[in-house]
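Novice: Sequences listed follow chains D and C, in order.
For the first sequence, the numbering used here assigns the number 217 to the initial residue and increments by one for each residue that follows.
For the second sequence, the numbering used here assigns the number 59 to the initial residue and increments by one for each residue that follows.
Yeah, the Cβ is synthetic: ideal placement off N, Cα and C, and Gly gets one too.
Please see the structure below; I have some questions.
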Amino acid sequence: MVKSVYEEYNILPQKLIDEVRDEATANKLKTDEIRKVLERVKNAFDSSQVNPGESIGIVTAESIGEPGTQMTLNVFHFAGVAEVAVTLGLPRLIELLDARKEPSTPKIEVYLQKDISKDAAAVKKVAVSIKQTKLGELVEEFTINMTQFRVEVYLDKKKMRDFGISENFVSKVIEDTLKNASVKINRDFITIKPKAEQFELKELYQLREKCRELHVKGVKGIKQVLPVKRDNEFIVICVGNSLEGVLDIEGVDCRKTVTNDIFKTEAVLGIEAARQAIINEAIEVIENQGLDIDIRHIMLLADVMTSAGSIKGITRSGITGEKESVLARASFETPIKHIINATLKGEEDKLNSVIENVMLNQEIPVGTGLPSLIAKMRGNLK
Amino acid sequence: MSDVFLDNKYVGTVENPLDFVKNVKDKRIGDKVLEGINLIYDPKINEVHIETSKGRLRRPLIRVENGKSFFTKEHVDKLNQGSLSWDDLLKEGVIEYLDALEEEESLIALSEQDLTSKHTHLEISPVVILGLTTSLIPYSNFGSSSRLIRGSKIQKQSVGLYATNFLMRMDTDVSVLHNPEKPIVKSFMHDVLDYDKHPAGQNVTIALMSFEGYNMEDSIILNRGSVQRGLVRSTYFRPYDAEELRYSGGLTDEIHVPDKEVKGYKSEKDYKHLEKDGIVYAGAKVKEDEVVIGRTSPPRFLGEMEEFSIAASTRRESSVTVREGEGGVVDMVVITENEEGNKVVQIRLRHQRIPEIGDKFASRHGQKGVVGMVIDEENMPFSASGITPDIIFSPHSIPGRMTISHLIEVVAGKVGSLAGRYIDGTTFDVEKESDLRKELVQLGFRENGTEVFYNGMTGEKFKARIFVGNMYYLRLKHMVANKLHARASGRIQLLTRQPIEGRARGGGLRVGEMEKDCFVAHGASLLLKERFDSDKTIVYVCEKCGMLAVNDTFKDIKQCLKCGSNVEITAIELSYAFKLLMDELKSLCIYPKLLLRSKY
Numbered sequence: 217m218v219k220s221v222y223e224e225y226n227i228l229p230q231k232l233i234d235e236v237r238d239e240a241t242a243n244k245l246k247t248d249e250i251r252k253v254l255e256r257v258k259n260a261f262d263s264s265q266v267n268p269g270e271s272i273g274i275v276t277a278e279s280i281g282e283p284g285t286q287m288t289l290n291v292f293h294f295a296g297v298a299e300v301a302v303t304l305g306l307p308r309l310i311e312l313l314d315a316r317k318e319p320s321t322p323k324i325e326v327y328l329q330k331d332i333s334k335d336a337a338a339v340k341k342v343a344v345s346i347k348q349t350k351l352g353e354l355v356e357e358f359t360i361n362m363t364q365f366r367v368e369v370y371l372d373k374k375k376m377r378d379f380g381i382s383e384n385f386v387s388k389v390i391e392d393t394l395k396n397a398s399v400k401i402n403r404d405f406i407t408i409k410p411k412a413e414q415f416e417l418k419e420l421y422q423l424r425e426k427c428r429e430l431h432v433k434g435v436k437g438i439k440q441v442l443p444v445k446r447d448n449e450f451i452v453i454c455v456g457n458s459l460e461g462v463l464d465i466e467g468v469d470c471r472k473t474v475t476n477d478i479f480k481t482e483a484v485l486g487i488e489a490a491r492q493a494i495i496n497e498a499i500e501v502i503e504n505q506g507l508d509i510d511i512r513h514i515m516l517l518a519d520v521m522t523s524a525g526s527i528k529g530i531t532r533s534g535i536t537g538e539k540e541s542v543l544a545r546a547s548f549e550t551p552i553k554h555i556i557n558a559t560l561k562g563e564e565d566k567l568n569s570v571i572e573n574v575m576l577n578q579e580i581p582v583g584t585g586l587p588s589l590i591a592k593m594r595g596n597l598k
Numbered sequence: 059m060s061d062v063f064l065d066n067k068y069v070g071t072v073e074n075p076l077d078f079v080k081n082v083k084d085k086r087i088g089d090k091v092l093e094g095i096n097l098i099y100d101p102k103i104n105e106v107h108i109e110t111s112k113g114r115l116r117r118p119l120i121r122v123e124n125g126k127s128f129f130t131k132e133h134v135d136k137l138n139q140g141s142l143s144w145d146d147l148l149k150e151g152v153i154e155y156l157d158a159l160e161e162e163e164s165l166i167a168l169s170e171q172d173l174t175s176k177h178t179h180l181e182i183s184p185v186v187i188l189g190l191t192t193s194l195i196p197y198s199n200f201g202s203s204s205r206l207i208r209g210s211k212i213q214k215q216s217v218g219l220y221a222t223n224f225l226m227r228m229d230t231d232v233s234v235l236h237n238p239e240k241p242i243v244k245s246f247m248h249d250v251l252d253y254d255k256h257p258a259g260q261n262v263t264i265a266l267m268s269f270e271g272y273n274m275e276d277s278i279i280l281n282r283g284s285v286q287r288g289l290v291r292s293t294y295f296r297p298y299d300a301e302e303l304r305y306s307g308g309l310t311d312e313i314h315v316p317d318k319e320v321k322g323y324k325s326e327k328d329y330k331h332l333e334k335d336g337i338v339y340a341g342a343k344v345k346e347d348e349v350v351i352g353r354t355s356p357p358r359f360l361g362e363m364e365e366f367s368i369a370a371s372t373r374r375e376s377s378v379t380v381r382e383g384e385g386g387v388v389d390m391v392v393i394t395e396n397e398e399g400n401k402v403v404q405i406r407l408r409h410q411r412i413p414e415i416g417d418k419f420a421s422r423h424g425q426k427g428v429v430g431m432v433i434d435e436e437n438m439p440f441s442a443s444g445i446t447p448d449i450i451f452s453p454h455s456i457p458g459r460m461t462i463s464h465l466i467e468v469v470a471g472k473v474g475s476l477a478g479r480y481i482d483g484t485t486f487d488v489e490k491e492s493d494l495r496k497e498l499v500q501l502g503f504r505e506n507g508t509e510v511f512y513n514g515m516t517g518e519k520f521k522a523r524i525f526v527g528n529m530y531y532l533r534l535k536h537m538v539a540n541k542l543h544a545r546a547s548g549r550i551q552l553l554t555r556q557p558i559e560g561r562a563r564g565g566g567l568r569v570g571e572m573e574k575d576c577f578v579a580h581g582a583s584l585l586l587k588e589r590f591d592s593d594k595t596i597v598y599v600c601e602k603c604g605m606l607a608v609n610d611t612f613k614d615i616k617q618c619l620k621c622g623s624n625v626e627i628t629a630i631e632l633s634y635a636f637k638l639l640m641d642e643l644k645s646l647c648i649y650p651k652l653l654l655r656s657k658y
């Protein structure tokens, strides 16, 4: 019986209906009362919808552009506070909207599973396991033994203990990575010797340099980790953008972990996640600057950027460059290029959008310029 | 042993650099030649640098040794008696001049209490941290620095007595204040600069309150009674000049009343102010577009002369007329000759500027605003003693800008005007605010400067007490009369057929890219089209080839130059700018084809 009332209003978004249902059951409303509530919800919903012919695009552009002029170019950093320096402010917003492939400061916020997220020691352990460790960091000294033709690696015992790595583990990693060298553990050091019978000294030197950069442990590309307390649970902030690697680590909450790299988000989690990532990142910048931009403007922007199934920036190579109208493209950037290409292809401009109609001084198809006669006129208009 | 550089050129070495520098510094005291020298020893690079070059900035400082200033009370007394001069102090070594280089090696104390044994010099006065105009701001140590900067910038724009010989000068865009007053609240710099000989403002009674919303956003309200009594009235001068230029072939311009046959002759009444010599008389009241100097020029091209044999008819009218929107009284007429021997006539127009809505005013504290309304005196709020303020200033201008000095000046000005004396507002050395308050009580007023006020229109008492006092107000040179501009139609550019730019030429007001965006955002499609119709044209299009066709109205034939007259040719309306774009594309061998379709 009650269910049918909600079905009458199924044009409303499911989320709103669910909210009304929750409130209704909590307050034990009768069917008539629920209907009244839903009627009001529907009215509110209808009145908050955008009218046909509303120029949402330019309103969005103005609503983001104008506060953008007030943004401080360089954001003040708190010296001495344990925090990862992230690009914020206008440079970050430009980076987002232009859809640059690599963010200037890639960052991952790693959330941990409930059982460990409140235990500082366990969090630290996960953090250490995420951070990439290169052999060079664990070593006191690399020496080239000329008489034996081998590289000797003196490990830093204290650091080994901190990172929880054994000598055997290191030697195994070296052996697995360096296919053409044999590894032996001595009392104080590990020796690495090329398998080939004949080799030059130069090769030995190269081997040593290769060892220095050898990836021992952790997620590749995560240069720095920083456990931070946020809303009475610990999270780990990582510098780097290897989201897929971090998600593989045990103890990481895959549902909440996020990166500020929208392209990485798209690759790992899909285009819908990328859309949300754009919204979140843009909102963060705006709120950080103390500005107030309605989230729906950002949502429209993110929709436009991701609607094609891949991320496209607001650039002449992105969505602006994909406009149908030649004149509209030419009015944005590099007009000569667009006009020449259009000439070569014999492109036709249908004058369907705003800017080209402004150029020809015709009625623009928004607002009062939108309505037109449905009836077809016959005969001569003169 | 260290190297010695004279004006950055290596000249030799000295054995003991520290002694050397000290010796030179001792020797230069009172020495006519060495006086202009500054030098330092830099131990980091072990070099001695001596500067003697001209054009470097130097400033005087009091010398200090072992924490003791060389400038003593004796000197003060002698200076007051007049038996000691600045040069004497220099000779005695009390004061010396440092340049930027030597300052680097010195430790300069701002005040005598700060002196330690490490100090080498003492500032003559802490006020020297301010510039000339900034130190004209009273109580400036009670204001915020950004407002001081604005305050000093504003003072440079104030209308006053810019030069005492202004009556003999031909300056462009200048104003002179009618009854300039010296400020009641002044600083020492006013005395130093002889400010009372060329003041640039007036002492006005000011009330801090809002009034009917006419003083929102920094605007101020003027009392019409005060305005009619001559408050901040000024005169604006503008010169006009004309030269009798000589051209090749012995032709010259001629300054005279132009004949009616002259090309471009205006109407007779435009020349009514001219005397026989073709120049207006001093005292003539002229309006815009009227001729002040009549002049004719020979034809632009000599070819023109041969075609029409009557010489007079080919001469061009090139009179000097009063600028658009301006006018006034001819103040002075000068006829002279320039370096090339050409006759030059200069006219100076004078126009009385009575303060009106839109004129800009400011106090000395960076608080500027335009007149929002002039209120009749009988409607102005009045105090219990019947005083109406000259200016009503909005209190919203105070908290965010933190110009406490503005408020203190009001109190100080009130005390000064009531007690009949000048108040010293020199930075760091002011008359104390608490003393001023006490004096105000003695003078029979509330110590915080507020008074009971009554609504001028209803006679009701205001619930709040109003802060009133006296302060120095400046009239700034930006006046609406010089800025007001509007146009319905007028001249257009030849190339684009869009309205020309600029107020002086009667140009249009541009609806730019961002303004266009506003129309679009409002969905005001038809309004936007109407606004951009300023360059609309009707073009004829050949429906066959899509190129522009020709409409010969004389023969009443529409034809396409390519396809002939046997094709359908339709008139369309578009912006001339786009037609121009198509023409330019065609010149680049790009074929912009118009495909027409009925809009309905």
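Compare the C-beta of Ile530 (chain D) with all C-beta atoms of chain C and state if any pair is closer than 8 Å.
Specialist: Judged by the 8 Å Cβ criterion, Ile530 (chain D) is not in contact with chain C.
Novice: Is Ile108 (chain C) close to chain D, meaning its C-beta is less than 8 Å from at least one C-beta of that chain?
Specialist: Ile108 (chain C) does not count as touching chain D.
Novice: If you reduce the DSSP assignment to three classes, tell me which class Pro184 (chain C) lands in.
Specialist: Here Pro184 (chain C) sits in helix by DSSP.
Novice: Is any beta-carbon of chain C found at less than 8 Å from that of Ser263 (chain D)?
Specialist: Taking Cβ atoms only, chain C never reaches closer than 8 Å to Ser263 (chain D), which makes this a no.
Novice: Using three-state DSSP, classify Met217 (chain D) as helix, strand or coil.
Specialist: The predicted model places Met217 (chain D) with a pLDDT of 49, which falls under 50 and marks its position as unreliable; any figure quoted below should be read in that light. Here Met217 (chain D) sits in coil by DSSP.
Novice: Given a cut-off of 8 Å on the beta-carbon distance, is the pair Val387 (chain C) and Gly341 (chain C) in contact?
Specialist: Closer than 8 Å, so yes.
Novice: By DSSP's criteria, Arg533 (chain C) is part of a beta bridge. Which residues make up the other side?
Specialist: C:Phe419.
Novice: Using a Cβ-Cβ cutoff of less than 6 Å, which residues in the same chain neighbour Lys347 (chain D) once the five nearest sequence positions on both sides are dropped?
Specialist: Excluding residues within five positions, the ones whose Cβ falls inside 6 Å are Gly434, Ile438, Val441.
Novice: Output the distance between the C-alpha atoms of Thr522 (chain D) and Lys613 (chain C), rounded to the nearest integer angstrom.
Specialist: Roughly 59 Å between the two C-alpha positions.
Novice: Is His179 (chain C) helix, strand or coil when you go by DSSP?
Specialist: Note: His179 (chain C) maps to strand in three-state DSSP.
Novice: Examine the Cβ distances between the stretch 319-330 of chain D and the stretch 471-485 of chain D and report whether three or more of them are shorter than 8 Å.
Specialist: At 8 Å Cβ cutoff, the stretches touch.
Novice: Please confirm whether Val290 (chain C) and Leu219 (chain C) have their CB atoms less than 8 Å apart.
Specialist: It is not a contact, given that the beta carbons lie outside the stated cut-off.
Novice: In whole angstroms, what separates the C-alpha of Arg594 (chain D) from that of Ser656 (chain C)?
Specialist: When rounded, the distance between both Cα atoms is 11 Å.
Novice: Which residues in the same chain have their Cβ closer than 6 Å to the Cβ of Ser463 (chain C), if we skip the five residues on either side of it in sequence?
Specialist: Cβ neighbours of Ser463 (chain C) beyond the five flanking positions: Tyr197, Ser198, Phe200, Gly201, His423.
Novice: Three or more C-beta pairs closer than 8 Å, one from the stretch 256-270 of chain C and one from the stretch 488-498 of chain C: is that the case here?
Specialist: No, the stretch 256-270 of chain C does not touch the stretch 488-498 of chain C.
Novice: Under 8 Å, Cβ to Cβ, is there at least one residue of chain C near Ser271 (chain D)?
Specialist: With 8 Å as the cut-off, Ser271 (chain D) counts as an interface residue toward chain C.
Novice: Residues in the same chain with beta-carbon distance under 6 Å from Val499 (chain C), minus the five sequence neighbours each way, listed in chain order, please.
Specialist: Correct list, in chain order: Glu505.
Novice: In three-state DSSP terms, what is Ala558 (chain D)?
Specialist: Three-state result, Ala558 (chain D): helix.
Novice: So Phe479 (chain D) and Ile527 (chain D) are in contact, right, with Cβ under 8 Å, and what is the actual spacing, rounded?
Specialist: Right, the Cβ-Cβ distance comes to about 6 Å (below 8 Å), so this counts as a contact.
Novice: Kindly list, in the order they appear in chain C, the residues whose Cβ is closer than 8 Å to that of Leu576 (chain D).
Specialist: Those within 8 Å of Leu576 (chain D) in chain C are Leu632, Ser633, Phe636.
Novice: Evaluate contact between the stretch 269-288 of chain C and the stretch 202-212 of chain C, counting only Cβ atoms and requiring at least three cross-stretch pairs below 8 Å.
Specialist: Output reads no: the stretch 202-212 of chain C does not touch the stretch 269-288 of chain C.
Novice: Taking just the CA atoms, how far does Val320 (chain C) sit from Ala370 (chain C)?
Specialist: Any answer about Ala370 (chain C) is weak, because its pLDDT of 46 lies below 50 and its placement is not dependable; what the coordinates show is given next. Looking at the two C-alpha atoms, the distance is approximately 7 Å.
Novice: Check each residue of the stretch 552-579 of chain C: if its Cβ is closer than 7 Å to any Cβ of chain D, include it; give the result in chain order.
Specialist: Cβ contacts with chain D: Lys574, Asp575, Val578, Ala579.
Novice: How many angstroms separate the CA atom of Gly507 (chain C) from the CA atom of Gly288 (chain C)?
Specialist: Spanning the two alpha carbons is a distance of roughly 26 Å.
Novice: Give the single residue among C:Leu115, C:Lys102, C:Asn104 whose Cα lies nearest to the Cα of Asn96 (chain C).
Specialist: It is C:Leu115 whose Cα lies nearest to the Cα of Asn96 (chain C).
Novice: Rounded to whole angstroms, what is the Cα-Cα separation between Ile648 (chain C) and Cys603 (chain C)?
Specialist: Their backbone Cα atoms lie some 14 Å apart in a straight line.
Novice: Taking the beta carbon of Ile390 (chain D) as the centre, do at least 16 other beta carbons fall within 10 Å, making it buried, or is it exposed?
Specialist: That one is buried.
Novice: Are the stretch 87-105 of chain C and the stretch 148-165 of chain C touching, with three or more C-beta to C-beta distances below 8 Å?
Specialist: Yes: the two stretches touch, three or more of their Cβ pairs being nearer than 8 Å.
Novice: Go through its chain and collect everything with a Cβ distance to Gly94 (chain C)'s Cβ below 7 Å, but skip five positions before and after it.
Specialist: Closer than 7 Å at the Cβ level, and outside the excluded window around Gly94 (chain C), lie Thr110.
Novice: Under 8 Å, CB to CB, which of the residues in the stretch 585-612 of chain C have a partner in chain D?
Specialist: Those residues of the stretch 585-612 of chain C that come within reach of chain D (Cβ to Cβ, closer than 8 Å) are Leu585, Leu586, Lys587, Phe590, Asp591, Asp593, Lys594.
Novice: Does Thr582 (chain D) have its Cβ less than 8 Å from a Cβ in chain C?
Specialist: Residue identity differs from the one stated: residue 582 (chain D) is Val in this sequence, not Thr. So yes, Val582 (chain D) belongs to the interface.
Novice: Can you grab the Cα-Cα spacing for the pair Asp447 (chain D) / Leu313 (chain D), in whole Å?
Specialist: Taking the straight line from one Cα to the other gives about 30 Å.
Novice: Would you mind giving the Cβ-Cβ distance between Tyr323 (chain C) and Pro316 (chain C), rounded to the nearest angstrom? I have them listed as a contact below 8 Å.
Specialist: Right, their Cβ atoms sit about 6 Å apart.
Novice: Over what stretch of residues does the beta strand (DSSP E) that includes Glu395 (chain C) continue unbroken?
Specialist: Segment 386-395, the beta strand (DSSP E) holding Glu395 (chain C).
Novice: Along the stretch 562-573 of chain D, where does the CB come closer than 8 Å to a CB of chain C? Name the residues.
Specialist: If the cut-off is 8 Å between Cβ atoms, the stretch 562-573 of chain D has Glu564, Val570 near chain C.
Novice: Given Phe440 (chain C), which residues of its chain have a CB within under 8 Å of its CB, disregarding the five upstream and five downstream residues?
Specialist: Result list for Phe440 (chain C): Thr446, Phe511, Tyr512, Gly514, in chain order.
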